[in-house]
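Trainee: For the sequence shown, the numbering used here puts the final residue at 333, and the numbers step up evenly by one.
Encoded as structure tokens, here's the structure I'll be asking about.
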Amino acid sequence: MGRLNMKEWISQTIQRKETIAIPIMTHPGIEFIGKTVHDAVTNGQVHYEAIKALCGKYPAAAATVIMDLTVEAEAFGAEIIFPENEVPSVSGRLLADEAAIEKLEIPALNKGRIPEYLKANMLTARNITDRPVFAGCIGPYSLAGRLYDMSEIMMLIYINPDAANTLLRKCSDFITRYCMALKATGVNGVIMAEPAAGLLSNEDCLQYSSLFVKEIIEKVQDDHFAVVLHNCGNTGNCTQAMVYTGAAAYHFGNKIKMEEALKEVPTDALAMGNLDPVSLFKMAGPETMKEATLQLLEATRAYPNFVLSSGCDIPPHTSSVNIDAFYTALEKFNKTQV
-4 MGRLNMKEWI
6 SQTIQRKETI
16 AIPIMTHPGI
26 EFIGKTVHDA
36 VTNGQVHYEA
46 IKALCGKYPA
56 AAATVIMDLT
66 VEAEAFGAEI
76 IFPENEVPSV
86 SGRLLADEAA
96 IEKLEIPALN
106 KGRIPEYLKA
116 NMLTARNITD
126 RPVFAGCIGP
136 YSLAGRLYDM
146 SEIMMLIYIN
156 PDAANTLLRK
166 CSDFITRYCM
176 ALKATGVNGV
186 IMAEPAAGLL
196 SNEDCLQYSS
206 LFVKEIIEKV
216 QDDHFAVVLH
226 NCGNTGNCTQ
236 AMVYTGAAAY
246 HFGNKIKMEE
256 ALKEVPTDAL
266 AMGNLDPVSL
276 FKMAGPETMK
286 EATLQLLEAT
296 RAYPNFVLSS
306 GCDIPPHTSS
316 VNIDAFYTAL
326 EKFNKTQV
């Protein structure tokens, strides 16, 4: 959408009577164009075509790229498993010990699949101009966990906080550079996924995630580029730490009560969420999907900064009937808003 002023767009979203929807959704688009997940996560052109197909079919208020939390880890040298029709995953542990953290080099932006993701974002930003486009990236603590092992990083922050901070600094520096490159493609913002930080207390989340995220946001967020901080691990334990970062929007998973989260989000920032992507979007029937959507909309009616969304990335093989039910419920609810 070119030089869309995202501050104004957020303000207008809050002021409008109708609730908008931005589900985190790309996989149904991959299926619409007859490609595999493997095709989309390794080829920027296919990735873009999947997003374009979705934009043609559903009235999402913004386009989102794939939430793939292996791209940055792969750039650092982590081994990735690529199933044909499921999301990729990190295999094993790249950093065996604290000494490996010291030796770890921050990769250039031509490593792994980074160029294909930049291509997907550039094509999407260039061709989808009727709504904002959000890129995706991982958060620093979640990336550190993927490189050092999730259980091990949770111990490291207590046993050797200096080593943990060294790793987090390297992760953070890389994510900053990646976000700058994403911004240069012309997208309107980035959804930063930091789910692992949701496993921490508010204090630890602040110390080992939010301080770094805040730094990144201060460098990349401006009137034309909005950061959406996603933390689907948060059950309510670290909403304050999330808000400390100063993101333009916050995206919550289905483990939290959305109306409770909304109480802690500033009224000039968007709060997005949080219908279960698996038990509702993928597994439920359309009536259950519609009912759950309406219940969430009713529960959040008093908050004009609420944006209807899935709690996380909508998985492969999700029925289009359920996606239709989601939008039907929103349309029905919005008729009562006018």
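Idealized CB from N, CA, C, for every residue including glycine.
As the structure is a prediction and not an experimental result, all values here were calculated from the model.
Just to confirm, are C233 and G193 a CB contact at a threshold of 8 Å?
Mentor: Cβ distance < 8 Å, so C233 and G193 count as in contact.
Trainee: Identify every residue that forms a DSSP beta bridge with S304.
Mentor: S304 pairs with N269.
Trainee: Does DSSP put E100 in a helix, a strand or coil?
Mentor: Three-state result, E100: coil.
Trainee: For V215 and C174, which I take to be in contact (beta-carbon distance under 8 Å), what is that distance rounded to the nearest angstrom?
Mentor: Indeed, because the Cβ distance is near 5 Å, the residues count as touching under 8 Å.
Trainee: Assess, as a yes-or-no matter, whether the segment 282 to 292 is touched by the segment 320 to 329 under the definition of 3 or more beta carbon pairs within less than 8 Å.
Mentor: The segment 320 to 329, when compared against the segment 282 to 292, does touch it at the 8 Å Cβ threshold.
Trainee: Say whether the segment 300 to 315 touches the segment 260 to 277, bearing in mind that this needs 3 or more beta-carbon pairs closer than 8 Å, one atom from each stretch.
Mentor: Cβ pair count under 8 Å is three or more, so yes.
Trainee: Classify H225 as helix, strand or coil using the three-state DSSP reduction.
Mentor: If DSSP states are grouped into helix, strand and coil, H225 belongs with the strands.
Trainee: Would you be able to state if there are at least three C-beta pairs under 8 Å between the segment 5 to 14 and the segment 82 to 97?
Mentor: Verdict: no, contact absent.
Trainee: From E3 to K258, what distance separates their C-alpha atoms?
Mentor: Looking at the two C-alpha atoms, the distance is approximately 22 Å.
Trainee: Between S274 and R172, what straight-line distance do the alpha-carbon atoms span, to the nearest angstrom?
Mentor: Looking at the two C-alpha atoms, the distance is approximately 36 Å.
Trainee: Starting from I148, follow the alpha helix (DSSP H) in both directions and report where the run begins and ends.
Mentor: 145 to 154 is the span of the alpha helix (DSSP H), which, as asked, contains I148.
Trainee: Could you tell me which of D217, I251, E210, F247 sits nearest to T240, measuring between CA atoms?
Mentor: It is E210.
Trainee: What first and last residue would you give for the beta strand (DSSP E) that runs through I75?
Mentor: That run of the beta strand (DSSP E) goes 74 to 76.
Trainee: Just the Cα atoms here: how many angstroms apart are H33 and I46?
Mentor: Going by the C-alpha atoms only, they are around 15 Å apart.
Trainee: Any idea which residues DSSP pairs S84 with across the strands?
Mentor: BP columns for S84 point to I76.
Trainee: Cβ of I61 within 8 Å of Cβ of T21?
Mentor: Yes; because the gap between Cβ atoms is below 8 Å, this pair is in contact.
Trainee: Could you check whether the segment 175 to 192 touches the segment 128 to 142, counting it as contact only if at least three pairs of C-beta atoms, one from each stretch, sit closer than 8 Å?
Mentor: With a cut-off of 8 Å, the segment 128 to 142 and the segment 175 to 192 count as touching, because enough Cβ pairs lie within range.
Trainee: Alpha carbons only, please: which of G107, L118, F71 is nearest the one belonging to A95?
Mentor: Comparing Cα positions, the closest option is F71.
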